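J.:
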RNA sequence: GCCACCCUAGCUCAGUCGGUAGAGCAACUGAUUCGUAAUCAGUAGGUCGCCGGUUCGAAUCCGGCGGGUGGCUCCA
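Numbering (our numbering), first residue to last: 2 to 643.
#1: When you compare each of 44, 48, 41 to residue 35 by their alpha carbons, which one comes out closest?
#2: For the beta strand (DSSP E) containing residue 4, list its first residue and its last residue.
#3: Which class does residue 503 belong to by DSSP, given the choice of helix, strand or coil?
#4: Would the segment 289 to 302 and the segment 410 to 422 be scored as touching if the rule is three or more Cβ pairs under 8 Å?
#5: Would you tell me roughly how many angstroms separate the C-alpha atoms of residue 20 and residue 225, rounded to the nearest one?
#6: For the alpha helix (DSSP H) containing residue 318, name the first residue and the last one.
#7: So, helix, strand or coil for residue 114, using DSSP?
#8: I think residue 444 touches residue 417, with their Cβ atoms under 8 Å apart; what is that distance to the nearest whole Å?
#9: Cβ atoms of residue 69 and residue 222: under 9 Å apart, would you say?
#10: Among 291, 252, 623, which one has its Cα closest to the Cα of residue 712?
#11: List the DSSP bridge partners of residue 324.
#12: So residue 378 is in the beta strand (DSSP E); what residue range does that whole segment cover?
#13: Check each candidate in 140, 168, 180, 139 and name the one with the smallest Cα separation from residue 159.
#14: Would the segment 381 to 395 and the segment 501 to 511 be scored as touching if the rule is three or more Cβ pairs under 8 Å?
#15: Since residue 125 sits in a beta bridge, which residues does DSSP pair it with?
#16: So, with DSSP's three-state summary, where would you put residue 256?
#17: Check the DSSP bridge columns for residue 177 and list the partner residues they point to.
#18: For a test of the three-state rule: what should DSSP assign to residue 528, helix, strand or coil?
#19: Quick one, are the C-beta atoms of residue 65 and residue 191 less than 9 Å apart?
#20: Which term fits residue 4, buried or exposed, when burial requires 16 or more other beta carbons within 10 angstroms of its beta carbon?
#21: Specify, as a first and last residue, the run of the alpha helix (DSSP H) that residue 238 falls within.
#22: Below 8 Å, can you find three or more Cβ-Cβ pairs linking the segment 98 to 109 to the segment 169 to 189?
#23: Kindly list the residues whose CB is nearer than 8 Å to the CB of residue 85, restricted to its own chain and excluding five residues on each side of it in sequence; keep chain order.
#24: Measuring straight from C-alpha to C-alpha, what distance separates residue 643 and residue 540?
#25: Just mark residue 234 as buried or exposed, buried being the case when its beta carbon has 16 or more other beta carbons within 10 Å.
#26: Comparing the CB of residue 411 with every heavy atom of the ligand NAD, is any distance shorter than 8 Å?
#27: Can you list, in chain order, the residues of its chain with a C-beta nearer than 7 Å to that of residue 560? Leave out the 5 residues immediately preceding and following it.
#28: If you run the structure through DSSP and keep just helix, strand and coil, what is residue 39?
#29: Residue 580 by DSSP, collapsed to three states: which one?
#30: Verify whether the separation of the beta carbon atoms of residue 438 and residue 510 is less than 9 Å.
#31: When the Cα of residue 550 is compared with those of 598, 277, 580, which residue comes out closest?
#32: Take residue 273 as the anchor and find which of 568, 170, 538, 632 has the nearest alpha-carbon.
#33: To the nearest angstrom, report how far apart residue 577 and residue 531 are at their CA atoms.
#34: Out of curiosity, what's the CA-to-CA distance linking residue 269 and residue 495?
#35: Could you give the residue range of the beta strand (DSSP E) that holds residue 609?
#36: Under the rule that 16 or more other beta-carbon atoms within 10 Å means buried, what is residue 401, buried or exposed?
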């Protein structure tokens with residue numbers, strides 16, 4: 002019998018009989034039993050794959066990233082098997098793995114209830130206990146199609162119709178079979194630590210026009226401990242949920258009277274405005290000028306800007322004096338009027354107009370969520386009007402500014418996406434190509450890694466979106482930079498060039514925080530409600546031990562507020578422990594305890610959020626010490642970790 | 001917008017078979033004057049999201065509407 006040469010992970014080579022299965026090689030080599038699959042020349046395959054040629058072999062242990070992926074995919078199959086055995090007539094569609102688990106979409110008229118989920122989970126445990134062998138079979142596409150048609154699996158038939166290969170792989174476990182590329186774990190007994198988490202509707206192939214399927218989400222881990230840890234993380238995420246913290250910290254609320262439109266309470270408004278002040282200080286350094294523009298414009302403007310054609314479904318309209326008006330969903334068209342209010346020279350450019358104006362966008366009822374997706378919001382919005390040859394410098398400065406801002410908020414991880422021409426667009430294809438190339442060029446020059454997001458641009462131009470990862474590693478789109486050649490055209494904006502002829506400026510739409518609402522929501526979750534000193538709505542609270550210190554404490558309070566600190570005085574007749582508990586739960590960065598000792602020595606006894614007691618000091622000395630920490634550039638204070 | 005689920009005091013949640021509403025915390029009053037995460041006692045607080053239906057009787061069953069949550073589609 003012929004032999005094939007196998008290169009092992011350690012670089013050694015062995016010769017084995019052609020036709021041997023990978024698992025035979027594994028057991029003869031005494032490879033660890035937690036190997037669930039292998040890679041042949043880098044391609045993941047099942048352990049029962051036959052070795053037919055020389056190749057490099059690598060093992061995939063269960064607890065490796067590839068192993069977990071395979072485990073989850075196999076768990077999805079196990080779930081589908083359980084579902085079809087419990088609910089005959091249910092059709093399977095697709096069941097991929099996702100970041101923290103998997104899902105499988107089913108076609109069934111009856112909705113799955115939470116009791117059904119429990120039954121499915123129980124059935125899965127049963128099937129796992131049977132330790133069914135999972136085997137791969139190769140079928141001709143036609144035969145597979147015929148079989149699935151016979152089984153009434155219309156979706157599988159449709160999927161098969163679009164597979165170009167003549168041969169497809171099916172996986173069988175017990176009496177259950179599914180079309181799948183694989184690989185899978187060798188037997189169902191390996192699947193142990195799993196949990197079905199939720200049911201949801203999902204359109205077939207993700208298209209709104211298609212019928213709705215039922216998606217069951219679940220997750221699976223190599224060990225019970227890992228699963229428990231994950232569930233604990235979910236629990237922790239719940240505690241950080243900005244909607245919950247917003248209520249607990251009295252930052253904002255919502256009311257059905259204005260759906261998806263936040264009411265910012267005094268403390269929330271303070272943080273909100275502090276974010277804006279921070280941006281305003283940056284604007285001074287980066288050469289921006291703030292403007293204020295109308296809220297409501299005659300629809301004529303929206304026709305001209307293209308919003309009426311491309312954004313109407315997201316806009317609010319109102320009729321008055323026989324005129325139709327639209328509430329602004331964006332600031333850009335308004336800014337063109339300031340630009341056009343007088344004749345512009347190349348010497349005026351670039352003009353950078355910043356606007357914190359309130360925007361209203363109608364969002365479909367099902368998509369709104371807390372502060373992260375609202376109908377009424379404002380952005381740290383700005384429009385840069387510049388000459389085409391200035392785009393490069395502007396982009397460089399924008400990226401610099403963006404990095405500075407994200408460093409301040411300790412958003413260290415960021416993904417960059419270049420979104421290109423969408424289906425509904427304005428302007429010429431050439432202008433789009435030019436704009437897309439400019440953006441790509443800028444990113445390359447700045448050494449920024451990015452992915453292309455085809456068809457995801459704004460209707461007036463391509464954009465670079467910045468997705469930051471929060472403390473729980475969830476991605477959020479905040480910043481956006483959009484290059485626009487068509488709005489200047491539509492509003493006939495010009496400037497006089499050095500040669501005396503009229504030229505067309507370029508508009509760069511950009512936001513760094515994005516919507517202040519969303520940014521605040523993300524920030525709350527990122528820091529768990531423990532704002533850095535410069536953002537904390539209350540920076541320090543004075544706590545008296547008994548009523549004896551009331552007068553002195555009031556003096557300290559007056560002193561602090563006179564110095565510009567956001568201070569509160571808790572001189573209630575309560576025990577110190579009670580006041581400490583409250584100040585801690587409210588995540589106030591500092592407490593200043595005042596008892597008889599402090600009155601006697603004219604000091605305060607500071608306590609940091611988290612419990613660290615600091616040396617008593619005079620008000621003046623202590624606050625002097627906090628000054629550096631109170632600067633945004635100091636980033637999160639140390640106590641924010643608590 | 002679509003699918004599923006949820007809505008009881010300010011908050012978190014009980015409320016059995018359809019028989020007319022309950023706890024803890026918070027609030028308020030009083031006592032207590034206390035040194036780093038909860039002092040004690042008392043008082044008050046409800047159109048059970050809203051509208052309709054079934055029923056002798058609805059927080060409970062049914063329908064509609066509103067709001068929210070998890071997804072899908074869309075998106076700052």
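Even glycine gets a Cβ: it sits at the ideal position worked out from N, Cα and C.
Small disclaimer: the values here were computed from a predicted structure and weren't measured.
T.: Once the coordinates are examined:
#1: To locate residue 35, count along the first chain from 1; it is residue 34. It is 48 whose Cα lies nearest to the Cα of residue 35.
#2: For the purposes of this step, residue 4 is taken as residue 3 along the first chain, with counting starting at 1. Start and end: 4 to 8.
#3: Taking the first residue of the first chain as 1, we reach residue 503 at position 502. Residue 503: strand per DSSP, three-state reduction.
#4: no
#5: Along the first chain, one-based indexing puts residue 20 at 19. Along the first chain, one-based indexing puts residue 225 at 224. Those two C-alpha atoms are separated by around 37 Å.
#6: Taking the first residue of the first chain as position 1, residue 318 is located at position 317. First-last for residue 318: 318 to 321, but that is the beta strand (DSSP E), not the alpha helix (DSSP H).
#7: If you number the first chain from 1, residue 114 lands on position 113. Of the three classes helix, strand and coil, the one that applies to residue 114 here is coil, per DSSP.
#8: For this step, residue 444 is matched to residue 443 along the first chain. For this step, residue 417 is matched to residue 416 along the first chain. At roughly 7 Å, the Cβ-Cβ gap stays under 8 Å, so residue 444 and residue 417 are in contact.
#9: Reading the first chain from its first residue, position 221 is the one you call residue 222. Reading the first chain from its first residue, position 68 is the one you call residue 69. Cβ atoms of residue 222 and residue 69: closer than 9 Å.
#10: What the structure shows of the chain is the stretch from 2 to 643, and residue 712 is not part of that stretch, so it cannot be assessed.
#11: Against the first chain, residue 324 aligns to sequence position 323. Its beta-bridge partners are 321.
#12: By one-based count along the first chain, residue 378 stands at place 377. Where residue 378 is concerned, the enclosing beta strand (DSSP E) stretches over 377 to 387.
#13: Stepping through the first chain from its first residue, residue 159 is reached at position 158. When only C-alpha atoms are compared, the closest one is 180.
#14: yes
#15: The count along the first chain starts at 1 and reaches residue 125 at position 124. Residue 125 pairs with nothing; no bridge assigned.
#16: To locate residue 256, count along the first chain from 1; it is residue 255. Correct three-state label for residue 256: coil.
#17: The residue you call residue 177 lines up with position 176 of the first chain. Answer is 174, bridged to residue 177.
#18: The count along the first chain starts at 1 and reaches residue 528 at position 527. The answer is coil: DSSP assigns residue 528 none of H, G, I, E or B.
#19: The residue you call residue 65 lines up with position 64 of the first chain. The residue you call residue 191 lines up with position 190 of the first chain. In this structure, residue 191 does not lie closer than 9 Å to residue 65 by Cβ.
#20: Locating residue 4 in the first chain gives position 3, where the first residue counts as 1. Exposed is the call here.
#21: Position 237 of the first chain, counted from the start, is the residue given in the question as residue 238. Here the alpha helix (DSSP H) through residue 238 covers 225 to 241.
#22: no
#23: Within the first chain, the letter at position 84 stands for residue 85. Excluding sequence neighbours, residue 85 sits near 91, 93, 177.
#24: Taking the first chain and counting its residues from 1, one reaches residue 643 at position 642. Taking the first chain and counting its residues from 1, one reaches residue 540 at position 539. Low confidence applies here, because residue 643 scores a pLDDT of 38, under 50, leaving its location unreliable; read the following figure in that light. Each residue's Cα considered, the two are about 15 Å apart.
#25: Working through the first chain from its first residue, we reach residue 234 at position 233. Exposed is the call here.
#26: No copy of the ligand NAD appears in this structure; indeed no ligand is present at all.
#27: On the first chain, residue 560 is found 559 positions in, with the first residue counted as 1. So the list reads 620, once near-sequence residues are dropped.
#28: Walking along the first chain from the start, residue 39 turns up at place 38. Correct three-state label for residue 39: strand.
#29: Residue mapping note: residue 580 aligns to position 579 of the first chain, counting from 1. Helix.
#30: Working through the first chain from its first residue, we reach residue 438 at position 437. Working through the first chain from its first residue, we reach residue 510 at position 509. Cβ atoms of residue 438 and residue 510: not closer than 9 Å.
#31: Looking up residue 550 in the first chain gives position 549. With distances taken between Cα atoms, residue 550 lies closest to 598.
#32: Position 272 of the first chain, counted from the start, is the residue given in the question as residue 273. The shortest Cα separation from residue 273 among 568, 170, 538, 632 belongs to 538.
#33: On the first chain, residue 577 is found 576 positions in, with the first residue counted as 1. On the first chain, residue 531 is found 530 positions in, with the first residue counted as 1. Whole-angstrom Cα-Cα distance: 22 Å.
#34: In the first chain, the residue the question calls residue 269 occupies position 268. In the first chain, the residue the question calls residue 495 occupies position 494. If you take the alpha carbons of residue 269 and residue 495, they lie about 42 Å apart.
#35: To locate residue 609, count along the first chain from 1; it is residue 608. Where residue 609 is concerned, the enclosing beta strand (DSSP E) stretches over 606 to 609.
#36: What you label residue 401 is simply residue 400 of the first chain in a count that begins at 1. It is exposed - the Cβ of residue 401 has fewer than 16 other Cβ atoms within 10 Å.
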